[in-house]
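**Student:** The structure follows.
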Amino acid sequence: MKTKILTLACASLIFTACFDDKNTQVKELPPQPVSVMTMQSADLPLEFTYPARLSTQLDVIIKPKVSGEIKQKYFISGQAVKKGDKLFLIEPDKYQANVNIAYGEALVARANFDDAEKNFKRDSILIEKKAISQKEFDASLAKFNSSKANLESARAKLANARLDLKYTMVSAPFDGILGDALMDIGDYVNASNTELVRITNINPIFADFYISDVDKINMNKNIKDGNWQLENIQVQANVGGELYNGKLYFIDSVIDTHSGGVKAKAIFDNNASNLMPGSFANVHVGGFVQKDGFEIPQIALLQGDNTTYVYTLVDGKVVKNNVNVIYQTADTAIINQGLKNGDKVILNNFKKIRPGSSVSIMENK
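For the sequence shown, the working numbering assigns the number -6 to the initial residue and increments by one for each residue that follows.
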């Protein structure tokens, strides 16, 4: 009886072992084919892209400084002008007459002053000799002071009249392109009120944009920590598919409360007048360099619970490497921690592999 039980037990063990071997063979998958990229560190250029709008710093509506009827118009709409070019002439005869009147009044005031001054000097001598009374001397002094004040007032009136006469000729305040004339010959205009014409300087032209607060903080930190080098900053504007080279003109030191970003401005030569204020553009800011970084395609970057990682191939097995992404675009990511030269980063077949899986190289990149 004992012999029969022992025989059954041995048979059971043999059967179980055979079943386990068969089951293991079913679960064990063949090495999965993957593509890999062999890592080699390099100094990698970084570029940041921001939406922008083109603008100009000189864009004004010209208004007259004197009132009157427009007698001449010297331009056509859309004309390019230089600073000082004539635009309008406003009733100069009237203001020339005012100058003539003020000039005559100034001559009278000067004559009165000269007479009062002569009498005052004489009376100053006579009062010392007691040849005139104190009352007479005081009257002479008062007349002298009054005539002096009248002369100064007349001179100021003449200067103002001459200035008004000068303002009858409306000139371009700077180089620019004129808009459509808002007033014409025969129209009456009011000083500082009537709009005459718009003038815009489009060379140079500016691109206004905002650097995200995250980008600005990262720039400052990585430059300070030595991760990034800042070489000659390069700026390009993409407008309608055309690229224009420019320079960084201004970066604010505070975060704009409305946009949540840091205001910046780039400047571009616009000699050919191809760029127009109000146009939209994408501004590319370069000149940053990541030292000893590793560049991988975005498809190789994987996300876990609060971790970013890649799969690498080590001795035919998949290994998980946590990495730090210091910069990324829609297509690539730059790693500064978690990889070393010679690492083989897996690029595909992620649904069929996990850490410890056997894999075979399908294609080297």
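Yeah, the Cβ is synthetic: ideal placement off N, Cα and C, and Gly gets one too.
Looking only at its own chain, which residues have a Cβ that is under 7 Å from the Cβ of PHE243, when we skip the five neighbours before and after it?
**Tutor:** ALA257, LYS258
**Student:** Specify whether the region 81 to 92 and the region 58 to 68 touch according to this definition: at least 3 beta carbon pairs, one from each stretch, less than 8 Å apart.
**Tutor:** yes
**Student:** Between the Cα of ALA35 and those of ARG191, PHE287, VAL311, spot the shortest distance and give me the residue it belongs to.
**Tutor:** For the options ARG191, PHE287, VAL311, the alpha carbon positioned closest to that of ALA35 is the one of PHE287.
**Student:** With DSSP collapsed to three states, give me the class of TYR67.
**Tutor:** coil
**Student:** CB-CB under 8 Å to VAL352, same chain, minus the five flanking residues each way: which ones, in chain order?
**Tutor:** Only PRO24, GLN25, PRO26, VAL27, LEU306, GLY309, LYS310, VAL311, ILE339, ASN342, ILE346 meet the Cβ criterion.
**Student:** Tell me whether ALA265 is buried or exposed, calling it buried when 16 or more other Cβ atoms sit within 10 Å of its Cβ.
**Tutor:** exposed
**Student:** Helix, strand or coil for VAL19 per DSSP?
**Tutor:** In this prediction, VAL19 scores a pLDDT of 46, lower than 50, which makes its location untrustworthy; the coordinate-derived value is nonetheless stated afterwards. Reduced to three states, the DSSP call for VAL19 is helix.
**Student:** State the CB to CB distance for the pair LYS209 and VAL276, rounded to an integer number of angstroms; the pair is presumed to be in contact (CB under 8 Å).
**Tutor:** Taking 8 Å as the upper bound for CB-CB distance, LYS209 and VAL276 are not in contact here, some 15 Å apart.
**Student:** Any idea what DSSP makes of GLU288, helix, strand or coil?
**Tutor:** In the three-state DSSP reduction, GLU288 falls in the strand class (E or B).
**Student:** For a test of the three-state rule: what should DSSP assign to ASP36, helix, strand or coil?
**Tutor:** strand
**Student:** Quick one: measure Cβ to Cβ for VAL369 and ALA165, integer angstroms, because I've assumed they're closer than 8 Å.
**Tutor:** Look at the range of the chain in this structure, -6 to 358, and you will see that residue 369 is not part of it.
**Student:** Please return the same chain residues whose Cβ sits closer than 6 Å to the Cβ of ASP95, not counting the five positions on each side in sequence.
**Tutor:** With the sequence shown as reference, residue 95 is identified as Ala, and Asp is not the correct amino acid for it. The answer, listed in chain order, is LYS150, LEU151, ALA154.
**Student:** So THR322 and ILE289 are in contact, right, with Cβ under 8 Å, and what is the actual spacing, rounded?
**Tutor:** The pair is not a contact, with the Cβ atoms about 12 Å apart (cut-off 8 Å).
**Student:** Based on Cα-Cα distance, which residue from HIS251, SER48, ARG103, PRO44 lies nearest to SER140?
**Tutor:** ARG103
**Student:** Are the CB atoms of GLY335 and MET30 nearer to each other than 8 Å?
**Tutor:** Contact: no.
**Student:** Checking the sheet assignment: what are the DSSP bridge partners for THR193?
**Tutor:** ASP52, ILE170
**Student:** For LEU327 and ALA45, what's the separation of their Cα atoms in angstroms?
**Tutor:** The displayed chain sequence assigns Ile, not Leu, to residue 327. Looking at the two C-alpha atoms, the distance is approximately 25 Å.
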